[in-house]
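Asker: In our numbering, the protein residues as written are 1119 to 1370.
A virtual CB, placed ideally from N, CA and C, is assigned to each residue, including glycine.
This is the structure I have questions about; it appears just below.
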Ligand SMILES: [Zn+2]
Ligand SMILES: [Zn+2]
């Protein structure tokens, strides 16, 4: 098969999904293709306050754990969040799980008495938000170098520019390919070879632990566009390329 260089990531994914169904009877589903900058930043702020799985990124105002956004910064009424116009509506919740309320007193922002944000309620709202969007791993910022209340300096998400697409069902696809194709030894190898036929690859699928994302697809980089037969390929080729790439890559 000729690798479709002129096609967008989304077009390649559509062809790949049709191919998985026709060739292996496997039903794949797109979880996320495009995100707006605001959505990406919402996911990112939740991720950076709750977890921060990024190896090399740290919020500017870091909590005692040395990794996540400091609650004092997150709940500071005078801080204007970048890209997210109304954080109270989305995340900052009172003890009773109501949106916190801000008011201006002598030109300075304050929380209305009884409507201050509560840490546990906010954690609850953020967890729910990520869960509803199926965001379980790292989420990159909505703008280059990030912004308040995080300011970690990370690169913007590739989902904003349509350079990435998250597709569910990859492990199932791997199993189905292995039952028909004995040349591949592992599910990951089977999926990676299949994706390469459609000009796609998974730069985060070979990372350890929570950083691993088997569903995050991007266009195959130019240096990997030479088709290689399974039996001649270096078995660790995808792994090596993924490591090389992920050292410059800041997740989806
Ligand atoms: Zn950040
Ligand atoms: Zn992704």
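Assign residue 1308 to one of two classes, buried (16 or more other C-beta atoms within 10 Å of its C-beta) or exposed (fewer than that).
Answerer: Within the chain shown, numbered from 1, the residue matching residue 1308 stands at position 190. The residue is buried, with at least 16 neighbouring Cβ atoms inside 10 Å.
Asker: Rounding to the nearest angstrom, what Cα-Cα distance links residue 1165 and residue 1274 in this structure?
Answerer: In the chain shown, counting from the first residue as 1, residue 1165 sits at position 47. In the chain shown, counting from the first residue as 1, residue 1274 sits at position 156. Computed Cα separation, rounded: 14 Å.
Asker: Output needed for residue 1134: all residues of its chain with C-beta closer than 7 Å, excluding positions within five of it in sequence on either side, in chain order.
Answerer: For the purposes of this step, residue 1134 is taken as residue 16 along the chain shown, with counting starting at 1. Closer than 7 Å at the Cβ level, and outside the excluded window around residue 1134, lie 1313, 1316 and 1318.
Asker: With a CB to CB cut of under 8 Å and the five nearest residues on each side skipped, what residues in its chain are close to residue 1278?
Answerer: Taking the chain shown and counting its residues from 1, one reaches residue 1278 at position 160. Excluding residues within five positions, the ones whose Cβ falls inside 8 Å are 1152, 1153, 1154, 1155, 1158 and 1260.
Asker: Under a Cβ-count criterion, where at least 16 other Cβ atoms within 10 Å of its own Cβ denotes burial, should residue 1331 be classed as buried or exposed?
Answerer: As a working mapping, residue 1331 is identified with position 213 in the chain shown. Label assigned to residue 1331: buried.
Asker: What separation, rounded to the nearest whole angstrom, lies between the Cα atoms of residue 1138 and residue 1125?
Answerer: Walking along the chain shown from the start, residue 1138 turns up at place 20. Walking along the chain shown from the start, residue 1125 turns up at place 7. If you take the alpha carbons of residue 1138 and residue 1125, they lie about 18 Å apart.
Asker: With C-beta atoms as the reference, is residue 1253 less than 8 Å away from residue 1146?
Answerer: In the chain shown, residue 1253 corresponds to position 135, counting from 1. In the chain shown, residue 1146 corresponds to position 28, counting from 1. Not closer than 8 Å, so no.
Asker: For the alpha helix (DSSP H) that contains residue 1296, what are its first and last residues?
Answerer: Walking along the chain shown from the start, residue 1296 turns up at place 178. From DSSP, the alpha helix (DSSP H) with residue 1296 extends over 1288 to 1298.
Asker: Indicate whether residue 1340 and residue 1127 have their beta-carbon atoms separated by less than 8 Å.
Answerer: Against the chain shown, residue 1340 aligns to sequence position 222. Against the chain shown, residue 1127 aligns to sequence position 9. Not in contact: residue 1340 and residue 1127 (Cβ atoms no closer than 8 Å).
Asker: Between residue 1162 and ligand 1, is the CB less than 7 Å from at least one heavy atom?
Answerer: The count along the chain shown starts at 1 and reaches residue 1162 at position 44. Yes.
Asker: Looking at residue 1177 and residue 1302, is the spacing between their C-beta atoms short of 8 Å?
Answerer: Mapped onto the chain shown, residue 1302 falls at position 184. Mapped onto the chain shown, residue 1177 falls at position 59. No, these two residues do not count as a Cβ contact at 8 Å.
Asker: Run through DSSP, which three-state label would residue 1301 get?
Answerer: Along the chain shown, read from residue 1 onward, the residue named residue 1301 stands at position 183. Residue 1301: coil per DSSP, three-state reduction.
Asker: Would you kindly work out how many angstroms separate the C-alpha atoms of residue 1143 and residue 1272, rounded to a whole number?
Answerer: Here residue 1143 is taken as the residue at index 25 of the chain shown, counted from 1. Here residue 1272 is taken as the residue at index 154 of the chain shown, counted from 1. For residue 1143 and residue 1272, the distance between alpha carbons rounds to 39 Å.
Asker: Under three-state DSSP, which class holds residue 1197?
Answerer: By one-based count along the chain shown, residue 1197 stands at place 79. Coil.
Asker: Within 10 angstroms of its Cβ, does residue 1230 collect 16 or more other Cβ (buried), or is it exposed?
Answerer: What you label residue 1230 is simply residue 112 of the chain shown in a count that begins at 1. Classification for residue 1230: exposed.
Asker: Using only the heavy atoms of ligand 1, determine whether one of them is closer than 7 Å to the beta carbon of residue 1184.
Answerer: Counting from 1 along the chain shown, the entry for residue 1184 is found at position 66. Answer for residue 1184: no, Cβ out of range of ligand 1.
Asker: At 4 residues or longer, what runs of the alpha helix (DSSP H) sit wholly inside the stretch 1185 to 1234?
Answerer: Correct list: 1189 to 1192 and 1205 to 1208.
Asker: Mind checking whether residue 1270 and residue 1175 have CB atoms under 8 Å apart?
Answerer: If you number the chain shown from 1, residue 1270 lands on position 152. If you number the chain shown from 1, residue 1175 lands on position 57. Their beta carbons are under 8 Å apart, which means residue 1270 touches residue 1175 by this criterion.
Asker: Measure the beta-carbon distance from residue 1118 to residue 1265 and round it to whole angstroms, keeping in mind my assumption that it falls under 8 Å.
Answerer: As displayed, the chain neither begins before 1119 nor continues past 1370, which places residue 1118 out of reach and without an answer.
Asker: Among the candidates 1326, 1214, 1195 and 1328, whose CA atom is the shortest distance from the CA of residue 1223?
Answerer: On the chain shown, position 105 is the one that residue 1223 refers to. Answer by Cα proximity: 1195.
Asker: Please classify residue 1130: does DSSP put it in a helix, a strand, or coil?
Answerer: By 1-based counting over the chain shown, the position of residue 1130 is 12. Three-state DSSP puts residue 1130 in a helix.
Asker: What residues are listed by DSSP as bridge partners for residue 1334?
Answerer: Taking the first residue of the chain shown as position 1, residue 1334 is located at position 216. In DSSP, residue 1334 forms a bridge with 1284.
Asker: Distance check for residue 1184 and residue 1171, CA to CA, integer angstroms please.
Answerer: Residue numbering aside, residue 1171 sits at position 53 when the chain shown is read from its first letter. Residue numbering aside, residue 1184 sits at position 66 when the chain shown is read from its first letter. Going by the C-alpha atoms only, they are around 12 Å apart.
Asker: Buried or exposed, going by whether 16 or more other CB atoms sit within 10 Å of the CB of residue 1322?
Answerer: As a first step, residue 1322 must be located in the chain shown, where it is residue number 204. The residue is buried, with at least 16 neighbouring Cβ atoms inside 10 Å.
Asker: Within its chain, find whatever has a CB closer than 7 Å to the CB of residue 1234; leave out the 5 residues flanking it on each side and keep chain order.
Answerer: What you label residue 1234 is simply residue 116 of the chain shown in a count that begins at 1. Cβ within range, chain order: 1212 and 1218.
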